[in-house]
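Undergrad: So the protein lines, in turn, are chains L and D. The numbering of the first sequence is the working numbering, which starts it at 671 and goes up by one. The numbering of the second sequence is the working numbering, which starts it at 444 and goes up by one. Glycine residues also receive a C-beta, built at the ideal position from the N, C-alpha and C atoms.
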Amino acid sequence: MSVFDGLKFRKISSPIHNLDPRIKFIYVIAIFICAILFPQMLPLIILFIIQLPFVFIAKVQKQWIRSLRGAAFLAAFIFIINVLTTFFYNNYTLTFTNVESALAMTTRFIVLVESFSLFFLTTSPDHLGLAFEQSHMPYEFAFAFTTAVRFVPVMAEEAQTIMDAQKARGLELEKGNILKRIRNYIPILIPLIVSAIRRSMELAEAMESRAWGATKKRTNLYLLKLHKADYILISLTILLLIITIYTKLYVQIPQISELLTSLTLFAT
Amino acid sequence: MGQNGAGKTSLIKHFNGLLKPSSGIVRVDDIETTKTSVATLAKKVGFVFQNPDNQLFSETVEDEIAFALKNFGFDKETIDKRVTWALEFLSLSQYRKTSPFLLSGGERKRVALASVLAWNPETLVLDEPTIGQDHEQKEKLRQFIIQLQNEKKTVVMVTHDVEFVAECNPRVILMREGKIIADGPSKSILTSPKLLEECSIVLPQITQVFTKLAPIGLPDNIIDVDEAETALIAKAKENRYY
């Protein structure tokens, strides 16, 4: 559940919350591209650090840390798999460089989670839907998307209740081998799916009774407009991309392990 | 009883270990809930959730009721016996092979109840059992609670249905903002307008009438229709109207 908590939007006002969602999305994609481009540890750490100010300006540190904690399990998984595969691939030897590249993969994943979490924590589903609409996406799709996002926390809560209800009937989720454990989730998934379908039908009826889709051309009460802050963010994003491409093409990025060795050499 | 968000459901979730105390100790039959699993406690404390849709998943009502019994490791014969008993007890026998999803809301609620009753727990916890039940079903539920009490079982019920509580006449505990504010027999609690108002509960209708009639010398602590009748007849005889 903690992962979902880290993506749940809470309405507060901050310069980051007020940014145009389209620009924020471009920023997330830019971070995504940069993280994919570098397999080395050093630039990935820099990518991680340059995002921290945004988190603090948006005042979402608590939820943000929770989402990172939720991702910690997957991150550990990525790290272990990477170390193990290099270990077996290199005839059972493990070097600093191998560990470092495994760490870099993990950091890359964390950077992605960091930026996505920041995006979802500071963008209201309404704004997101508005952004879709103004990017000329059909309203039906935009609506479906915002509804889906909005119901994620509801579903998460419901899953918790269902788990409690089945536990109260003696269901032990953590019991048995892998296959048995997967089977254990059937009594949880079925009620969850049934209620989701039931809810969607109710929602459809409620929408139709309020004349959804009666007007072909919708107008919006709020319109997204670019402000000064948006222009600053987009310029920063472009700058980041330029630096990234330049570094990628012309700069030799040292490994941290190499840096450390040369440092110790230098000291002795 | 208590208003929404008073902490009633949180409290009863401690009874079978779904929630563990963050400070202090909760003991069920001298076993600390923090030291054992929900499944072990569930065998002693049957918990029926408010919304039956949170637990129904089987293809037939029969399987649904057998689910918990299988989890607790009863043998096949016992399971069959207990299922038949539970179905009959809640008059669901004709739905034995029906899918629980095809039943009406009230029937689904009874299936959920049957699926817990089947393993005959010593304590039964009911979260809002009267919601969506017609009068006949409520009356059955009341009879059934009385029957369990006669078997020396504990029944804990969370409800907003003040009339239903008045008819059952149990010990009542009032909660507000996570604290217990009153605890006593329903006759003394349900006739205290001040206490009930604090919890945004209204007096039972019969009590309202008798509170208004108190100035003419009628008792103001009546919660039951039969009691009311006796009191009225006594008063009428006293004044020779009867």
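1. Ignore the nearest five residues each way along the sequence and tell me which others in residue 513/D's own chain have a CB closer than 8 Å to its CB.
2. Taking a Cβ distance cut-off of 7 Å, strictly less, list which residues of the region 814-840 of chain L are near chain D, in chain order.
3. Does the beta-carbon distance from residue 637/D to residue 666/D come in below 7 Å?
4. How long is the line joining the alpha carbons of residue 693/D and residue 860/L, rounded to whole angstroms?
5. Leaving out five residues before and five after residue 918/L in sequence, what residues of the same chain have Cβ atoms less than 7 Å from its Cβ?
6. Give the DSSP bridge partners of residue 628/D, in chain order.
7. Which of the residues in the region 862-888 of chain L, read from start to end, lie with their CB under 8 Å from any CB of chain D?
8. Reducing DSSP to helix, strand and coil, say where residue 775/L ends up.
9. Over what stretch of residues does the beta strand (DSSP E) that includes residue 570/D continue unbroken?
10. Kindly indicate which three-state DSSP category residue 548/D falls into: helix, strand or coil?
11. Taking CB distances under 7 Å as the criterion, tell me whether residue 844/L reaches chain D.
12. Need the endpoints of the alpha helix (DSSP H) that residue 724/L sits in, please.
13. What is the C-beta distance between residue 491/D and residue 508/D, in whole angstroms, given that I count them as a contact (C-beta under 8 Å)?
14. Listing by chain order, which chain L residues have their CB less than 9 Å from the CB of residue 498/D?
15. Run through DSSP, which three-state label would residue 539/D get?
16. Taking 7 Å as the CB-CB cut-off, is residue 517/D touching chain L?
17. Following the continuous alpha helix (DSSP H) through residue 877/L, name the residue where it begins and the one where it ends.
18. Which residues of chain L have a Cβ atom closer than 7 Å to the Cβ of residue 461/D, listed in chain order?
19. Would a check of beta-carbon distances place residue 664/D closer than 7 Å to chain L?
20. Taking DSSP as the reference, what is the three-state secondary structure of residue 645/D?
21. For residue 447/D, would you say it is in contact with chain L, using Cβ-to-Cβ distances shorter than 7 Å as the test?
22. When the Cα of residue 745/L is compared with those of 756/L, 777/L and 765/L, which residue comes out closest?
23. What number of angstroms, rounded off, separates the C-alpha of residue 835/L from the C-alpha of residue 779/L?
24. Buried or exposed for residue 577/D, please, with buried defined as at least 16 other CB atoms from any protein chain shown within 10 angstroms of its CB.
25. Comparing the C-beta of residue 563/D with each C-beta of chain L, is any distance below 7 Å?
26. Looking only at C-alpha atoms, which of 724/L, 710/L and 797/L sits nearest to residue 658/L?
27. Can you find at least 3 beta carbon pairs, one from the region 563-572 of chain D and one from the region 594-609 of chain D, that sit closer than 8 Å?
28. Using 8 Å for Cβ pairs, my map puts residue 686/D next to residue 559/D. What's the rounded Cβ distance?
29. For chain L, find out if any of its Cβ atoms is closer than 7 Å to the Cβ of residue 601/D; answer yes or no.
30. Just reading off the alpha helix (DSSP H) that residue 821/L is part of, what are its end residues?
31. Note the first and the last residue of the continuous beta strand (DSSP E) segment covering residue 601/D.
32. So the alpha helix (DSSP H) residue 698/L belongs to, where does it begin and stop?
33. Taking only beta-carbon atoms, is residue 532/D less than 7 Å away from chain L?
34. Between which two residues does the alpha helix (DSSP H) carrying residue 679/L extend?
35. Identify each residue in the region 499-512 of chain D for which the Cβ-Cβ distance to at least one residue of chain C is less than 7 Å, and report them in chain order.
TA: On the basis of the supplied data:
1. Working through the second sequence from its first residue, we reach residue 513/D at position 70. Once the five neighbours on either side are set aside, the close Cβ partners of residue 513/D are 522.
2. For the region 814-840 of chain L, which is checked against every Cβ of chain D, the residues closer than 7 Å are 831, 832, 834, 835, 836, 837, 838, 839 and 840.
3. Against the second sequence, residue 637/D aligns to sequence position 194. Against the second sequence, residue 666/D aligns to sequence position 223. Note that the C-beta distance between residue 637/D and residue 666/D is not below 7 Å.
4. Any property of residue 693/D remains undetermined from this structure, which presents chain D solely from 444 to 685.
5. For this step, residue 918/L is matched to residue 248 along the first sequence. A distance below 7 Å between beta-carbons, with the five flanking residues on each side excluded, links residue 918/L to the following residues of its chain, in chain order: 707.
6. Locating residue 628/D in the second sequence gives position 185, counting from the first residue. Paired residues: 614/D.
7. For the region 862-888 of chain L, which is checked against every Cβ of chain D, the residues closer than 8 Å are 864, 865 and 868.
8. The residue labelled residue 775/L in the question sits at position 105 within the first sequence. Correct three-state label for residue 775/L: helix.
9. If you number the second sequence from 1, residue 570/D lands on position 127. If you look at residue 570/D, you'll find it in the beta strand (DSSP E) that goes 566-570.
10. Position 105 of the second sequence, counted from the first residue, corresponds to residue 548/D. Helix, per DSSP.
11. As a first step, residue 844/L must be located in the first sequence, where it is residue number 174. Cβ-Cβ to chain D under 7 Å: no for residue 844/L.
12. The residue labelled residue 724/L in the question sits at position 54 within the first sequence. Start and end: 711-728.
13. Start at 1 with the first residue of the second sequence, and residue 491/D comes out as number 48. Start at 1 with the first residue of the second sequence, and residue 508/D comes out as number 65. That pair is no contact at about 13 Å.
14. Walking along the second sequence from the start, residue 498/D turns up at place 55. Using a Cβ-Cβ cut-off of 9 Å, residue 498/D is close to 832, 835, 836, 838, 839, 857 and 861 of chain L, given in chain order.
15. Here residue 539/D corresponds to residue number 96 of the second sequence, with the count starting at 1. Secondary structure at residue 539/D: coil, using DSSP grouped into helix, strand and coil.
16. Taking the second sequence and counting its residues from 1, one reaches residue 517/D at position 74. No, residue 517/D does not count as interfacial toward chain L.
17. Locating residue 877/L in the first sequence gives position 207, counting from the first residue. Per DSSP, the continuous alpha helix (DSSP H) segment holding residue 877/L begins and ends at 856-879.
18. For this step, residue 461/D is matched to residue 18 along the second sequence. Residues of chain L passing the Cβ test: 834, 837 and 838.
19. Indexing the second sequence from 1 puts residue 664/D at position 221. Answer no: the Cβ-Cβ gap between residue 664/D and chain L never drops below 7 Å.
20. As a first step, residue 645/D is located in the second sequence; it is residue number 202 there, counting from the start. Of the three classes helix, strand and coil, the one that applies to residue 645/D here is coil, per DSSP.
21. Working through the second sequence from its first residue, we reach residue 447/D at position 4. Not one beta carbon of chain L lies nearer than 7 Å to the beta carbon of residue 447/D.
22. The residue you call residue 745/L lines up with position 75 of the first sequence. Answer by Cα proximity: 777/L.
23. Position 165 of the first sequence, counting from 1, holds the residue named residue 835/L. Position 109 of the first sequence, counting from 1, holds the residue named residue 779/L. Rounded to whole angstroms, the separation of the alpha carbons of residue 779/L and residue 835/L is 35 Å.
24. Start at 1 with the first residue of the second sequence, and residue 577/D comes out as number 134. By the neighbour-count rule (16 or more Cβ atoms within 10 Å), residue 577/D is not buried but exposed.
25. Taking the first residue of the second sequence as position 1, residue 563/D is located at position 120. The Cβ of residue 563/D sits no closer than 7 Å to any Cβ of chain L.
26. Since the first residue shown for chain L is 671 and the last is 938, residue 658/L is missing from the structure and cannot be characterised.
27. The region 563-572 of chain D makes contact with the region 594-609 of chain D, as at least three CB pairs between them are under 8 Å.
28. Not covered by the structure: residue 686/D. The range shown for chain D is 444 to 685.
29. The residue given as residue 601/D occupies position 158 in the second sequence. With 7 Å as the cut-off, residue 601/D does not count as an interface residue toward chain L.
30. The residue you call residue 821/L lines up with position 151 of the first sequence. Residue 821/L -> alpha helix (DSSP H) spans 809-837.
31. Numbered from its first residue, the second sequence carries residue 601/D at position 158. Here the beta strand (DSSP E) through residue 601/D covers 597-601.
32. Start at 1 with the first residue of the first sequence, and residue 698/L comes out as number 28. Per DSSP, residue 698/L belongs to the alpha helix (DSSP H) from 691-707.
33. The count along the second sequence starts at 1 and reaches residue 532/D at position 89. Answer no: the Cβ-Cβ gap between residue 532/D and chain L never drops below 7 Å.
34. Within the first sequence, residue 679/L is the residue found at index 9, counting from 1. If you look at residue 679/L, you'll find it isn't in any alpha helix (DSSP H); DSSP assigns it neither H nor E.
35. Structure shown: chain C not included; protein chains present are L and D.
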